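The listed protein sequences derive, respectively, from chains A and B. Residues 1 to 554 (the UniProt record's numbering) make up the first sequence, in order. Residues 1 to 554 (the UniProt record's numbering) make up the second sequence, in order. Heads up: the structure comes next, in structure tokens.
Number of protein chains: 2
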Amino acid sequence: MTHPLYAKHQATLEAALAAIHTRGYWTPYAEMPSPKVYGETAADDGKRAFEACLGKDFELDQPGRSGWAASERSPYGIALDVRYPVCEPSALIAAAEAAMPGWRKIGAEGRVGVCLEILDRLNKRSFEIAHAVMMTTGQGWMMAFQAGGPHAQDRGLEAVAYAWDAMRGVPATTVWEKPQGKNPPLKMQKHYEIVGRGVALVVGCGTFPTWNTYPGLFAALATGNPVIVKPHSNAILPAAMTVKIAREVLAEAGLDPSVVSLAVVEKRSDTQALATHPAVKSIDFTGSNVFGQWLIDNARQAQVYAELAGVNNVVIESTDNYKAMLRNLAFTLCLYSGQMCTTTQAILVPAGGIDTDQGHKRYDEVAADLGAAIDKFLSDPAVATAVLGAIQSDATLARINEAGQYGDIVLASKKIEHPEFPQAEVRTPVLLACDAAAEKSYMEERFGPIAFVVKVADGAAAVALSERIVREHGALTVGLYSTKAEVIDAMTEATLRAGVALSINLTGGVFVNQSAAFSDYHGVGMNPAANASYSDAAFVANRFRVVQRRYHVE
Amino acid sequence: MTHPLYAKHQATLEAALAAIHTRGYWTPYAEMPSPKVYGETAADDGKRAFEACLGKDFELDQPGRSGWAASERSPYGIALDVRYPVCEPSALIAAAEAAMPGWRKIGAEGRVGVCLEILDRLNKRSFEIAHAVMMTTGQGWMMAFQAGGPHAQDRGLEAVAYAWDAMRGVPATTVWEKPQGKNPPLKMQKHYEIVGRGVALVVGCGTFPTWNTYPGLFAALATGNPVIVKPHSNAILPAAMTVKIAREVLAEAGLDPSVVSLAVVEKRSDTQALATHPAVKSIDFTGSNVFGQWLIDNARQAQVYAELAGVNNVVIESTDNYKAMLRNLAFTLCLYSGQMCTTTQAILVPAGGIDTDQGHKRYDEVAADLGAAIDKFLSDPAVATAVLGAIQSDATLARINEAGQYGDIVLASKKIEHPEFPQAEVRTPVLLACDAAAEKSYMEERFGPIAFVVKVADGAAAVALSERIVREHGALTVGLYSTKAEVIDAMTEATLRAGVALSINLTGGVFVNQSAAFSDYHGVGMNPAANASYSDAAFVANRFRVVQRRYHVE
């Protein structure tokens, strides 16, 4: 019998399945916070629902509660003071293990149906979650709504679609009938059961608490694994809202809500205990190389899907639309003050300059013009604060302050007053110029609004340097501006060898640091910046196994 | 343009694809060595082709040759003396890396077509390969033909089908068109390229040099990776023939033959150097826990697919066909003298005996009757030598000789003279009785014809012990004999928790140690005996990545 939630969402699932295989534009979740789509009262309701959480206990009814913790500090300077239950890691794991058989037994259809219902509820609560994302991460409102809401939901649905695609190929039963010449055939009934690998741990990051959490969460869930979500200590609320919604849907479907739980931990040692617990069989992690590598080295009982640091770069060899190129890059560098894992850090420009539709531009002209383009783009304070958002962490503020030592300052960072949030830490990007030889400056990730215009010998050297950066330090995104087919071909081959996504001649409304679910793979899983991709078959196929049984039948 | 080899084999591929998703009986490769299928002269031609290899240099035209090695010793006692080229590991890796771009560029269709052509050639050469398998492994002729020929080819084709299934879902290109309200849509052309992870190393075992090699070989190949096959030092010839055929097909298709190469190494350190080389991104390994664990711990740059030791077991709780059960188990224990990774080692029988259609049988009666069934089955020397084959290694001979210390001997091992091969080391199984408490005896793999009838408290204890054995020591196969639905249900749940395939009440012509490609998953990948399965989506999906590029179009 088809699970009612599967039946309810089957059309969405089938459209998502078609989308991941055709990869054109598609989404079921409107990215504009429009009252026509989300309802006339959705904006107000969401704001109130968010505000109702502030200064209160966030009740989740999880086992093993040992206390309450409130660790979040808003980059916008408002008081949050949400208190979350702190639960014993062992109790969360025991509850997840106890919930697992029931989650297996409802089968792939049932699990996918429940996942799609959770995503649907998350979508309806996009405003509320967007406020939580904005106020914990420092994202601007529109980004918080889009990336924290519908775009994150897209990535969750995409993972479910891949999981379903991998599972639907396993029949529940078969009759195997082998001819035996003149004798009767050998005939067996066989059953194939999809079994999750075990408890899944999803470790979130401080900047994209839903977008980087939903792929692992939904991939693990759909394939039969109970999930413990461990959010970043400064971005708990969006994860807590997500977990609460998931638990509500599970309970309504007659399932153990401990299929999804929230781990708010006060000590790193508790996260380590969770990550190395023998019952934990997969870990999805977004964050620093230090802790990511610790997980890979120490959580050997688990499959670790890690998105780590990288040095995203763009090669500018030539362009036929100089102004639009500068505008495009300026927006990329400003968006959320470069606090995206996909933001360009190193812009490689030939020492001899570049040919453009505006004539030849010297290296220092390109750097200066890019600085001017950023300055111009941020000249309207309303645009500036909306696009930049606020700086999420003190570590990023410190990096901005000390950036000047890494190169010649083309454009200095400025502090901007936010008209609505006087305490907000808003900063404009710092743009530096340096020589290709100054590898210590630009060839490690300096997370935040810090970018380098790197002087390279020529276009070929730029392509070669880009490849080496990706191979040695990783990258989630690489861009190229060139009017020459042979340069585009060389860069294409370089990115195929190094394993990184390439955006070519972006001069319009698409930016190198943006990836669209169902169409753009986020990360390749081939270079040091990430060992997995959102999403592909590899992201889901190893999260479950097939256990069979067989017996003779007449 | 469709690759001609893809077009040639498309019908086979599509049938294989249907087979892996329906999992009924199917094969394109006839398992009977019939002249009607393989040709009237195939048997003689194959024997002559095998004999023509003996005492000669096996020419492969690989780079970096530093000498020749002849390490094989036939368990049948005949002289082999085939000399294989020993090549520098670094030269093989460099050649594989150089071959990789061309192998990527022909695309998934081209690669799958080439793989299917290789399999087709291997099938036509089944007799020749069967002789090589028989004489290097000690398998009986029929098993050598079936498991070494068509069944191994089935497993190779199955891996290709899974690889194709994972790759065909990735479109080569798309046009992404995102509506922009009243403005013109954003429109981008996107390209998606399937890229292999890097050089693949496939490490073969001494007992099934083709059956356990083809899945990794063809999974890696189809997904875009050049493969270095490192056979067991005593079973090189079947692998060398396979590599030679693959290189011939590659060359005929205008490709670099170094997409497939043979690594005959004289020192373990050379294998270790190969396995830990930074260019090696996947390793398929069948063999001992010691070296398997070494690979998992040290070849951290590679994805390791490992089939290791286990303690396969059968629970006998009750039966309605006592004699057929004993016959079935006797054959299982005799086949290839238990030198299969799937052979039962521990047979768990309640201390109070079992109910059968022949009345109640005491524990010691069950043990004695099983011993008698083995003895009876082997009473015809022609059957005995054909089924037992010969003992592959001195280590297995030593284990047989010392087995008596691990329990009470129910049936002693005997040496049998082989009418055709006077030097052959043929041994009958040793059957031992011991108590469940004697875990040191039966709860580690004793590879070869050594089995234990283990006395357990009752049926429930047997099920619980079986689950613990699988969880702690691993197993590829588990069996159950019971007439009671509740026992079958309990065992089913136990195997779902532990992650092992279950055969229930086998009393006919199917044996617990046999698995049929396209229908039975070999290994689950969830317990210590194997971290992967032949074959499922997880076996192929992580062997390639998708690298994209995108640019605006009008």
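Just so you know, even glycine gets a beta-carbon here, dropped at the ideal spot from N, CA and C. Just so we're clear, the structure is a prediction, and the values are computed from it rather than from any experiment.
Beta carbon proximity, residue i to chain B, threshold 8 angstroms
i: GLY266(A); result: It is Glu, not Gly, that sits at residue 266(A) in the sequence shown. Not closer than 8 angstroms to any Cβ of chain B, the Cβ of GLU266(A) fails to qualify, so no.
i: TRP68(A); result: no
i: LYS440(A); result: no
i: LYS36(A); result: no
i: ASP256(A); result: no
i: residue 564(A); result: Any question about residue 564(A) goes unanswered here, given that chain A covers just 1 to 554.
i: THR492(A); result: yes
Chain B residues whose Cβ lies nearer than 8 angstroms to that of residue i
i: TRP103(A); result: Near TRP103(A) there are no residues of chain B at all, since even the closest Cβ is about 13 angstroms away, more than 8 angstroms.
i: SER533(A); result: ARG545 and VAL546
i: GLY24(A); result: THR174, VAL175, TRP176 and GLU177
i: residue 557(A); result: Absent from the structure is residue 557(A), since the part of chain A shown begins at 1 and ends at 554.
Interface partners of residue i on chain B, CB under 7 angstroms
i: GLN548(A); result: ALA501, ASP520 and TYR521
Burial state of residue i (16 or more Cβ within 10 Å)
i: TRP211(A); result: buried
i: SER337(B); result: buried
i: HIS360(A); result: exposed
i: TRP103(B); result: buried
i: ALA2(A); result: Looking at the sequence itself, residue 2(A) is Thr, so the reference to Ala does not match. THR2(A) should be labelled exposed.
i: THR173(B); result: exposed
i: ASN183(A); result: exposed
i: THR41(A); result: exposed
i: TRP74(A); result: The amino acid occupying residue 74(A) in the given sequence is Ser; Trp does not appear at that position. With 16 or more other Cβ atoms within 10 Å, it is buried.
i: TRP68(A); result: exposed
i: GLU486(A); result: exposed
i: GLU266(A); result: exposed
i: ALA246(B); result: buried
i: LYS281(A); result: buried
i: SER379(A); result: exposed
i: ASN531(A); result: buried
Beta strand (DSSP E) segment containing residue i, residue limits
i: MET188(A); result: 183-196
i: residue 555(B); result: The shown model of chain B, from 1 to 554, leaves out residue 555(B), and the question about it has no answer.
i: THR477(A); result: 477-481
Cutoff 8 angstroms: residue i Cβ touching any chain A Cβ
i: THR174(B); result: yes
i: ILE504(B); result: yes
i: ALA538(B); result: yes
i: ALA324(B); result: no
i: LYS190(B); result: yes
i: THR137(B); result: no
i: residue 575(B); result: No answer is possible for residue 575(B): the residues shown for chain B start at 1 and end at 554.
The alpha helix (DSSP H) enclosing residue i, as first and last residue numbers
i: PRO226(A); result: Run containing PRO226(A): none; DSSP gives neither H nor E here.
i: SER71(A); result: Where SER71(A) is concerned, there is no enclosing alpha helix (DSSP H), given that its DSSP letter is neither H nor E.
i: GLU117(B); result: 107-124
i: TYR29(B); result: No alpha helix (DSSP H) holds TYR29(B); DSSP gives it neither H nor E.
Under 9 angstroms from the C-beta of residue i: neighbouring residues of chain B
i: VAL195(A); result: LEU496, ARG497, GLY499, VAL524 and MET526
i: ALA541(A); result: ALA166, ASP536, ALA537, ALA538, PHE539, VAL540, ALA541 and ASN542
Listed by chain order, chain A residues near residue i by CB distance under 7 angstroms
i: PRO171(B); result: HIS21, THR22 and ARG23
Whole-number beta carbon distance between residue j and residue i, since they are thought to touch under 8 angstroms
i: ILE296(A); j: VAL304(A); result: 5 angstroms
i: LEU17(A); j: LEU116(A); result: So it is not a contact: roughly 12 angstroms between Cβ atoms.
i: residue 555(A); j: VAL229(A); result: Because chain A is modelled from 1 through 554, residue 555(A) falls outside the range shown and cannot be assessed.
i: residue 569(B); j: ALA96(B); result: Beyond the ends of chain B as shown, which are 1 and 554, falls residue 569(B); an answer cannot be given.
i: SER261(A); j: LEU92(A); result: 5 angstroms
Proximal residues of chain A, C-beta to C-beta of residue i below 8 angstroms
i: ALA516(B); result: TRP176 and LYS178
Cutoff 8 angstroms: residue i Cβ touching any chain C Cβ
i: ALA368(A); result: Among the chains of the structure shown, chain C does not appear; the protein chains present are A and B.
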